[in-house]
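Structure record follows, encoded as structure tokens.
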Amino acid sequence: MDHPALNPPRTTADDAPTRLLGCPAPAKLNLFLHVVGRRADGYHLLQTAFRLLDWGDSLDFGLRTDGLIRRVNDVPGVPEDADLVVRAARLLQTRTGTALGADITVHKRLPMGGGIGGGSSDAATTLIALNRLWQTGLSRIALQALGLQLGADVPVFVFGRDAFAEGVGETLQPLALPAAWYVVISPGVSVPTAEIFSAQDLTRNTPPIKMADFAASTTRNDLQAVACRRYPAVQDAIDWLGAYAPAMMTGSGACVFAEVPSEAEADRITKSCPPRWKAWKARSLARHPLFEWLQ
Numbered sequence: 066m067d068h069p070a071l072n073p074p075r076t077t078a079d080d081a082p083t084r085l086l087g088c089p090a091p092a093k094l095n096l097f098l099h100v101v102g103r104r105a106d107g108y109h110l111l112q113t114a115f116r117l118l119d120w121g122d123s124l125d126f127g128l129r130t131d132g133l134i135r136r137v138n139d140v141p142g143v144p145e146d147a148d149l150v151v152r153a154a155r156l157l158q159t160r161t162g163t164a165l166g167a168d169i170t171v172h173k174r175l176p177m178g179g180g181i182g183g184g185s186s187d188a189a190t191t192l193i194a195l196n197r198l199w200q201t202g203l204s205r206i207a208l209q210a211l212g213l214q215l216g217a218d219v220p221v222f223v224f225g226r227d228a229f230a231e232g233v234g235e236t237l238q239p240l241a242l243p244a245a246w247y248v249v250i251s252p253g254v255s256v257p258t259a260e261i262f263s264a265q266d267l268t269r270n271t272p273p274i275k276m277a278d279f280a281a282s283t284t285r286n287d288l289q290a291v292a293c294r295r296y297p298a299v300q301d302a303i304d305w306l307g308a309y310a311p312a313m314m315t316g317s318g319a320c321v322f323a324e325v326p327s328e329a330e331a332d333r334i335t336k337s338c339p340p341r342w343k344a345w346k347a348r349s350l351a352r353h354p355l356f357e358w359l360q
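Count along the sequence shown from 1, then add 65; that gives the number in this note's numbering.
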């Protein structure tokens, strides 16, 4: 398969583009996810390690001078006004006061409700790309703060690197990890994040760890047991993939993943995947493909 997140976006002009085509929105994995507490406002306090992948969605942006923001294609199950992409564009427009608008095309490859950051990554790419297209000049830190208003996973994609995250996921530190290949399986169910976080049986008091101890710590995904009880297909996928390599769920589910020693092994496993599921190989991504567009 191709890896669209590795393809650099195309522009019609380097200095003042009117179109940005094929802007990548890479997937992410949570290499672990601990719920270490809960704030007074109900948001959960987390610790996690985010890893970016060279596999994902892509988006096209066309400049409009009338201020209108439109998603020009249909995304099944996502009304335009509810789409994080459209909300991100409108938020940036409001924040900067620009009179410009955009036509946006979303090319979905990542499964929705998969815990691999599809909607959040699309929103982050929208913020980064339109900041460039509109020449609004916001910094990386400013865009991360905007992204947090859209969702807890948006800032890490603007951050643009593997990261150790705390708080609700917005306190980010760069995490140096060796390159790796992964197999990712979508077990054919969509797991609502809110349902998992609101579950009575969710562990919310895992002791915090230090970033320096991450590799040596015994870590897990605290959301996995809850998701597996409610969605047995997730447990089935973990069991199947676990026969090849240690497997776990990413995010709030439903996708599961395993690190494998080589691309050849990733190919072998994906070809063996039961037809009721979808499997992909993916390579780690040192930096977001649009990383250099921000300071």
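Beta carbons are placed, not taken as given, at the ideal position from N, Cα and C, and that holds for glycine.
Quantities reported herein were computed from a predicted structural model and do not represent experimental measurements.
* Asked: Would you say Ala90 touches the ligand FAD, meaning its beta carbon is less than 6 Å from a heavy atom?
  -> Here there are no bound small molecules, and the ligand FAD is not part of this structure.
* Asked: Does the pairing of the segment 282 to 297 with the segment 209 to 223 give three or more beta-carbon distances under 8 Å?
  -> With the cut-off at 8 Å, the segment 282 to 297 and the segment 209 to 223 do not touch.
* What do you get for Thr236, buried or exposed, if any count of 16 or more other CB atoms within 10 angstroms of its CB means buried? -> For the purposes of this step, residue 236 is identified with residue 171 of the sequence shown, where counting begins at 1. Exposed, because fewer than 16 other Cβ atoms sit within 10 Å of the Cβ of Thr236.
* What's the C-alpha gap between Leu118 and Leu175? -> Position 53 of the sequence shown, counted from the first residue, corresponds to residue 118. Position 110 of the sequence shown, counted from the first residue, corresponds to residue 175. A direct Cα-to-Cα measurement between Leu118 and Leu175 gives close to 12 Å.
* To do: To the nearest angstrom, report how far apart Arg269 and Arg103 are at their CA atoms.
  => On the sequence shown, residue 269 is found 204 positions in, with the first residue counted as 1. On the sequence shown, residue 103 is found 38 positions in, with the first residue counted as 1. Each residue's alpha carbon lies about 7 Å from the other.
* Beta-carbon proximity of Phe126 to Val221, cut-off 7 Å -> For the purposes of this step, residue 126 is identified with residue 61 of the sequence shown, where counting begins at 1. For the purposes of this step, residue 221 is identified with residue 156 of the sequence shown, where counting begins at 1. At a Cβ-Cβ threshold of 7 Å, Phe126 and Val221 do not count as neighbours.
* Please classify Ser185: does DSSP put it in a helix, a strand, or coil? => In the sequence shown, residue 185 corresponds to position 120, counting from 1. Correct three-state label for Ser185: helix.
* Asked: Ends of the alpha helix (DSSP H) at Lys336?
  -> Along the sequence shown, one-based indexing puts residue 336 at 271. Counting along the chain, the alpha helix (DSSP H) containing Lys336 begins and ends at 328 to 337.
* Beta carbon of Leu215 nearer than 7 Å to that of Phe229 -> Your numbering for residue 215 matches position 150 in the sequence shown. Your numbering for residue 229 matches position 164 in the sequence shown. Against a cut-off of 7 Å, the Cβ pair of Phe229 and Leu215 comes out as no contact.
* Can you give me the start and stop residues for the alpha helix (DSSP H) that Ile303 sits inside? => In the sequence shown, residue 303 corresponds to position 238, counting from 1. Following the DSSP letters along the chain, one finds Ile303 inside the alpha helix (DSSP H) bounded by residues 297 to 307.
* Same chain only: Cβ atoms within 8 Å of Arg155, ignoring 5 sequence neighbours per side -> Indexing the sequence shown from 1 puts residue 155 at position 90. Here the set comprises Ile134.
* Asp139 and Lys173 look like a contact to me (Cβ under 8 Å); what is the Cβ gap, rounded to whole Å? -> If you number the sequence shown from 1, residue 139 lands on position 74. If you number the sequence shown from 1, residue 173 lands on position 108. 10 Å between Cβ atoms; not a contact.
* Ignore the nearest five residues each way along the sequence and tell me which others in Arg205's own chain have a CB closer than 8 Å to its CB. => Locating residue 205 in the sequence shown gives position 140, counting from the first residue. In its chain, beyond the 5 residues on either side, Val223, Phe224, Gly225, Leu359, Gln360 have a beta carbon closer than 8 Å to the beta carbon of Arg205.
* Going by C-alpha distance, which of Leu306, Gln112, Pro89 is nearest Cys338? -> Along the sequence shown, one-based indexing puts residue 338 at 273. With distances taken between Cα atoms, Cys338 lies closest to Leu306.
* Indicate the three-state DSSP secondary structure (helix, strand or coil) for Phe229 in the structure shown. => Locating residue 229 in the sequence shown gives position 164, counting from the first residue. Three-state result, Phe229: strand.
* **Assigned secondary structure, Met314 (DSSP; H/G/I helix, E/B strand, else coil)** => Walking along the sequence shown from the start, residue 314 turns up at place 249. Met314: strand per DSSP, three-state reduction.
* To do: Below 6 Å CB to CB, which residues in the same chain sit around Ala284 once its five sequence neighbours on both sides are set aside?
  => Your numbering for residue 284 matches position 219 in the sequence shown. At residue 284 the sequence reads Thr, which differs from the Ala that was named. Leaving aside the five residues that flank Thr284 on each side, the residues in its chain whose CB is nearer than 6 Å to its CB run, in chain order, Phe97.
* Closest to Asp365 by CA distance: which of Ala277, Val233, Asp266 is it? -> Outside the displayed span of the chain (66 to 360) sits residue 365, for which this structure offers no information.
* **Start-to-end residues for the beta strand (DSSP E) that takes in Phe322** => Here the question's residue 322 lines up with position 257 in the sequence shown. Phe322 -> beta strand (DSSP E) spans 321 to 325.
* Asked: Are the beta-carbon atoms belonging to Val137 and Val171 less than 7 Å from one another?
  -> Against the sequence shown, residue 137 aligns to sequence position 72. Against the sequence shown, residue 171 aligns to sequence position 106. Their beta carbons are not under 7 Å apart, which means Val137 does not touch Val171 by this criterion.
* Mapping DSSP to helix, strand and coil, what is Leu128? -> Numbered from its first residue, the sequence shown carries residue 128 at position 63. Taken through DSSP and simplified to helix, strand or coil, Leu128 comes out as strand.
* **C-alpha gap between Lys343 and Gly253, whole angstroms** => To locate residue 343, count along the sequence shown from 1; it is residue 278. To locate residue 253, count along the sequence shown from 1; it is residue 188. Rounded to whole angstroms, Lys343 and Gly253 show a C-alpha spacing of 7 Å.
* Asked: Ala147 by DSSP, collapsed to three states: which one?
  -> Position 82 of the sequence shown, counting from 1, holds the residue named residue 147. In the structure shown, the three-state DSSP call for Ala147 is helix.
* Residues that Asn270 bridges to, as DSSP identifies them -> If you number the sequence shown from 1, residue 270 lands on position 205. Beta-bridge annotation (DSSP): Asn270 is not paired with any residue.
* From the DSSP output, which residues share a beta bridge with Leu117? -> To locate residue 117, count along the sequence shown from 1; it is residue 52. DSSP lists Lys93 as partners of Leu117.
* To do: Give me the Cα-Cα distance between Pro13 and Val256, rounded to the nearest whole angstrom.
  => Shown here, the chain extends from 66 to 360; a query on residue 13 therefore has no answer.
* State yes or no: is the C-beta of Gly202 within less than 7 Å of the C-beta of Gly166? => Stepping through the sequence shown from its first residue, residue 202 is reached at position 137. Stepping through the sequence shown from its first residue, residue 166 is reached at position 101. Taking 7 Å as the Cβ cut-off, Gly202 and Gly166 do not qualify as a contacting pair.
* Asked: Under a three-way DSSP split, which group does Asp122 fall into?
  -> Taking the first residue of the sequence shown as 1, we reach residue 122 at position 57. Asp122 carries a strand assignment under DSSP once its states are collapsed to helix, strand and coil.
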